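Chemist:
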Amino acid sequence: MKPAPFDYCCPDSVEEAVQLLAANVGEAKIMAGGQSLGPMLNFRVVRPGLVVDVSRILELDFVRERKDGGLSVGALTRHRVLETSRLVARCFPIIPDIMQHVAHLAIRNRGTIGGSLSHADPAAELPMLVRLLDAEIVARSTQGERTVSAHDFFVGPLSTVLEDDELVVRIELPGMRHNGWAFEEFARRAGDFALSACGVLVRLEEDCVRDVRVAMMGVGDTPLRRSEAEAALKGEVLSDAVIERAVQAACEGLEPRQDLHASPEFRRHLSAVLVRRCIRRARERALSVNH
Ligand SMILES: Cc1cc2nc3c(=O)[nH]c(=O)nc-3n(C[C@H](O)[C@H](O)[C@H](O)COP(=O)(O)OP(=O)(O)OC[C@H]3O[C@@H](n4cnc5c(N)ncnc54)[C@H](O)[C@@H]3O)c2cc1C
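Mapping of the sequence shown onto this note's numbering: position 28 corresponds to residue 89, and the numbering continues sequentially without gaps.
1. For ligand 2, any of its heavy atoms closer than 7 angstroms to the Cβ of I198?
2. Given M101, which residues of its chain have a CB within under 8 angstroms of its CB, disregarding the five upstream and five downstream residues?
3. What do you get for V216, buried or exposed, if any count of 16 or more other CB atoms within 10 angstroms of its CB means buried?
4. Report the three-state DSSP secondary structure of S210 (helix, strand or coil).
5. Count Cβ pairs between the segment 227 to 234 and the segment 247 to 261 that sit closer than 8 angstroms; are there 3 or more?
6. Under three-state DSSP, which class holds V112?
7. Report yes if the C-beta of P100 is less than 7 angstroms from at least one heavy atom of ligand 1; otherwise report no.
8. Report the residue from E126, G130, N103 and I91 whose alpha carbon sits nearest the alpha carbon of R117.
9. Going by the C-beta, is L228 closer than 7 angstroms to any heavy atom of ligand 1?
10. Return the CA-CA distance between C312 and A78, expressed in angstroms with no decimal places.
11. Alpha carbon to alpha carbon, what distance is there between S97 and S349?
12. Return yes when at least one heavy atom of ligand 1 lies under 7 angstroms from the C-beta of M92, else no.
13. Can you give me the start and stop residues for the beta strand (DSSP E) that V199 sits inside?
14. Is the Cβ-Cβ distance between P317 and M189 less than 8 angstroms?
15. Based on DSSP bridge pairs, tell me the residues matched to I232.
16. Would you tell me roughly how many angstroms separate the C-alpha atoms of A365 and V75, rounded to the nearest one?
17. Can you give the Cα-Cα distance for G130 and G236, rounded to whole angstroms?
18. Identify whether M160 lies in helix, strand or coil by the three-state DSSP scheme.
19. Using 8 angstroms as the limit for Cβ to Cβ distance, is V86 near chain C?
20. Does ligand 1 have a heavy atom nearer than 7 angstroms to the CB of A251?
21. Three-state secondary structure (DSSP) at S332?
Given below as C-alpha cells:
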C-alpha cells in the first residue's frame, strides 16, 4: 500500500520544528529514522496531514559524557552509534550489548533513540534500557522544555505522556557505579522483536550487593522495573538461593499477553530463565572485576 497524501517539511533547527508542531497540532507527525513511522504510513495506520522530518536537525545528534559519569544523548542518535561508540561502551558496557539485538543492521543505521522511545513498543529494547538506567527524557515545545522520568514516560503499548506538540530532544542517563551487568533476550529469529528480555546492573562490594537494578520487557504493556527482585538482592551475597528468591520475586504478578507468538505461561517461564541467567552473568562479571 501507499501512504495517504501528506505535506512534508524538513526543518533544520529544533526551534523551527516545534513551531511547525505548534501550528499543526493534531495534523503533524514527527519523522526521525522513519523505521516505524514508514510502515505505519504505508499501512495507513496513521494519516497525518503533515510529516515533520527532523532527521537533519544536527543539534539533536550527539552523545556527551556527563560529570557524574553518565551520558547525555541527543534524540537523533542512531541505534548504530549507541552500538559502536567507545564512549557509550566505556560508560555503560550494557548498551552496545543490548543494541546488537535491535532489529537488523539497515534498521539500526536509520532508527533513532528518540523515535524508539516515542514509539514505545513494549517489546523494544531502548524503552527497557531507559527504565533500567533511571533515565530522564527531555521534550521541547514552543512552551519550553520539560523533563519526564523514564518511570513516568511510558503509559501503555505505543503510548507515552508526550503531547502532540512535543519533540523529544535528549535523553539523560545518570551515571551509576556498577561493576556487573547482563542482558538476555529471547527472540524467535535474530532481528525479531523479543518475546521476553531482561537487563541487570549490579554493584558488588566485598561480594555483597550494594546496588542493583532489574528491568524486564515483553511481559507487560510497558517496560518494567522489578523492585521486589531488587529488594531481594540488596545487601545480600549472591548465592544461588538468593538468586532464586529474586527470580521468583521478579516473575511474581507478571501478566504477559497472549499473542500469536507465545502463551502467557511460556513467556512467564521464559522470563524466569532469562532473569536467572542475567543475575548470574552480572555476578560473574562483577566478581571477575573485584578479584
Ligand atoms: C522489521 C523491523 C524490525 C524491528 N525490530 C526491532 C527490534 O527488535 N527492537 C526494537 O527496539 N525496535 C525494532 N524496530 C523498530 C526500530 O528500532 C525503529 O527504528 C524505532 O522503533 C523507531 O525509531 P525511528 O527513529 O525510526 O522513529 P520513526 O519511525 O521516525 O518514528 C516513530 C514514532 O516516534 C515519533 N517520533 C520520532 N522521533 C521523535 C521525537 N524526537 N520526539 C517525539 N516523537 C518522535 C514519530 O512521530 C513516530 O510516532 C524494528 C523495525 C522494523 C521495521
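Built from N, CA and C at the ideal position, the CB exists for glycine as well. For clarity, every value in this text was computed on a predicted model and none was experimentally measured.
Modeler: In brief:
1. As presented, the structure is devoid of ligand 2, carrying ligand 1 as its sole ligands.
2. Here residue 101 refers to the residue found at position 40 of the sequence shown. V107.
3. The residue you call residue 216 lines up with position 155 of the sequence shown. Exposed, because fewer than 16 other Cβ atoms sit within 10 Å of the Cβ of V216.
4. Translated into positions along the sequence shown, residue 210 becomes position 149. Strand.
5. no
6. For the purposes of this step, residue 112 is identified with residue 51 of the sequence shown, where counting begins at 1. The answer is strand: DSSP assigns V112 an E or B state.
7. By one-based count along the sequence shown, residue 100 stands at place 39. True, at least one ligand heavy atom lies under 7 angstroms from that Cβ.
8. Numbered from its first residue, the sequence shown carries residue 117 at position 56. That would be I91, whose Cα lies nearest to the Cα of R117.
9. As a working mapping, residue 228 is identified with position 167 in the sequence shown. L228: yes, Cβ under 7 angstroms from ligand 1.
10. In the sequence shown, the residue the question calls residue 312 occupies position 251. In the sequence shown, the residue the question calls residue 78 occupies position 17. Going by the C-alpha atoms only, they are around 42 angstroms apart.
11. By 1-based counting over the sequence shown, the position of residue 349 is 288. By 1-based counting over the sequence shown, the position of residue 97 is 36. Each residue's Cα considered, the two are about 40 angstroms apart.
12. For the purposes of this step, residue 92 is identified with residue 31 of the sequence shown, where counting begins at 1. Yes, the beta carbon of M92 sits closer than 7 angstroms to at least one heavy atom of ligand 1.
13. One-based indexing of the sequence shown puts residue 199 at position 138. Run containing V199: E197 to S202, per the beta strand (DSSP E) assignment.
14. For the purposes of this step, residue 317 is identified with residue 256 of the sequence shown, where counting begins at 1. For the purposes of this step, residue 189 is identified with residue 128 of the sequence shown, where counting begins at 1. It is not a contact, given that the beta carbons lie outside the stated cut-off.
15. Sequence index remark: in the sequence shown, residue 232 carries index 171 (1-based). In DSSP, I232 forms a bridge with V134 and I198.
16. The question about residue 365 has no answer here: the residues shown for the chain are numbered 62 through 352.
17. Stepping through the sequence shown from its first residue, residue 130 is reached at position 69. Stepping through the sequence shown from its first residue, residue 236 is reached at position 175. Approximately 5 angstroms, taken between the alpha carbons.
18. Taking the sequence shown and counting its residues from 1, one reaches residue 160 at position 99. Note: M160 maps to helix in three-state DSSP.
19. Any reference to chain C falls outside this structure, which holds one protein chain only.
20. As a working mapping, residue 251 is identified with position 190 in the sequence shown. A251: no, Cβ never under 7 angstroms from ligand 1.
21. Numbered from its first residue, the sequence shown carries residue 332 at position 271. Looking at S332 - three-state DSSP - the assignment turns out to be helix.
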